[in-house]
Structure formats: structure tokens, C-alpha cells
Amino acid sequence: MFGISPLGWVHTLGSLPAIPAAAYMFARHGRIVPRSIPGKVYFVAMAIGASSLFLFAHAPVSYGISIATLLLLLAGYNVWRFPRLGRALPYVETICLSLTAFLLMLPTVSETLRRVPEGHPIATDLQSPILLGAQALLLVLLIVGVSAQVVFLRRQGRALKRPDLF
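Taking my numbering, I'd label the letters of the sequence shown as residues 550 to 715.
If you want it as C-alpha cells, here you go:
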């Protein structure tokens, strides 16, 4: 079905839970929260998805996306181990994990548009205007989203420093 190999299905079904987990955390918290149940689901699903891609990917860019995703995922989930980052710690964590969500959605949208509906996909090739538009929209969402997250974190940090709030 959809021209996906058995390993492709393992990859797809393994990484699929990351999408609703990320959507839930973005809607509820405005960011991916690593030390939560949805955060743990996100980590496992992303690790499965990014790791399994090495088994069947053909395009060199796929390996790059997979390696970048794994590195950003590990950085985002382990940044707390580096207390020297100080006040930058929540920013690094948030930006790294938001980038993993972008790297998850970029191939997800591309593959979906190039495979659905079966036999007559919405986008016929990588240069399709609708595919390029969808990728551009994802980039805009990343830029606006990360900017909003940084502003929120800055405001949150300032609110914690104000003595009149205690």
C-alpha cells in the first residue's frame, strides 16, 4: 500500500506517535516538555523514526535529516546536564526540540503529498508547487513558533525575577 516497504511501515508506524504527542505539548505548553509522559512518548517515537530511516533511505538528504534529528533530540533531552548554560538552558532545550518537530514534519508532509491519494498523488515530484508551498509554510511556522517560544521564555524569566510577584 502506498508503495511503502515493510521497513518503511516500521519507520512510519514507529514515528507516528510523535506527531500527536508534539501537537499536544505545543497546544498545552507552547513547547515540547521532555520530562512529561507525552515528552517520553515523543522521544521514543522520534528515536525509532530517525534511527530506522538508516535501514532503507536512498537519498543522501535523508541521512542528514536523520542525523540532525538524532543530535537535536539528544541535545534537547540532555541539555539539563550542562548547568553551565545557566539561563540559556531552557532556550537551548526549546529550540532543539522545536527543530526536531520541524524535521519530523518536513518529510512527513513531503511523503504524504507525494503518496496520497494512492495512484494520483497531490504532488507528483519534489518541485511541485504545492509541495514547495507546504515546505515553505512549515519553515514559516518554525520561525514564528520558535520566536514566540523565545519571547514567552523571556517573559516567564522576567516574571520570576520580579519581587512584587511573591
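The C-beta atom is built at its ideal place from N, Cα and C for all residues, glycine as well.
Everything numeric in this text was worked out from a predicted model, so none of it was measured.
Close-in-space but distant-in-sequence residues of the same chain around residue i (CB under 8 Å, 5 per side omitted)
i: residue 557; result: 605
i: residue 653; result: 564, 567, 568, 571, 595, 598 and 618
i: residue 697; result: 579
i: residue 664; result: 551, 552, 553 and 670
i: residue 600; result: 615 and 619
i: residue 700; result: none
C-alpha distance - residue i paired with residue j, whole-angstrom precision
i: residue 552; j: residue 667; result: 9 Å
i: residue 637; j: residue 703; result: 10 Å
i: residue 687; j: residue 633; result: 33 Å
i: residue 624; j: residue 645; result: 7 Å
i: residue 590; j: residue 630; result: 21 Å
i: residue 728; j: residue 676; result: Nothing about residue 728 can be reported from this structure: the residues present for the chain run from 550 to 715 only.
i: residue 706; j: residue 613; result: 35 Å
i: residue 576; j: residue 635; result: 27 Å
Distance CB(residue i)-CB(residue j) smaller than 7 Å
i: residue 580; j: residue 643; result: yes
i: residue 574; j: residue 587; result: yes
i: residue 592; j: residue 626; result: yes
i: residue 649; j: residue 621; result: yes
i: residue 695; j: residue 647; result: yes
Beta-carbon proximity list for residue i, same chain, < 7 Å, skipping 5 on both sides
i: residue 662; result: 670, 671, 672, 679, 680 and 683
i: residue 602; result: 560, 611 and 615
i: residue 651; result: 687 and 691
Buried or exposed (CB count within 10 angstroms, at least 16 for buried), residue i
i: residue 609; result: exposed
i: residue 693; result: exposed
i: residue 628; result: buried
i: residue 582; result: buried
Exercise. Assess, as a yes-or-no matter, whether the stretch 646 to 666 is touched by the stretch 561 to 571 under the definition of 3 or more beta carbon pairs within less than 8 Å.
Key: yes
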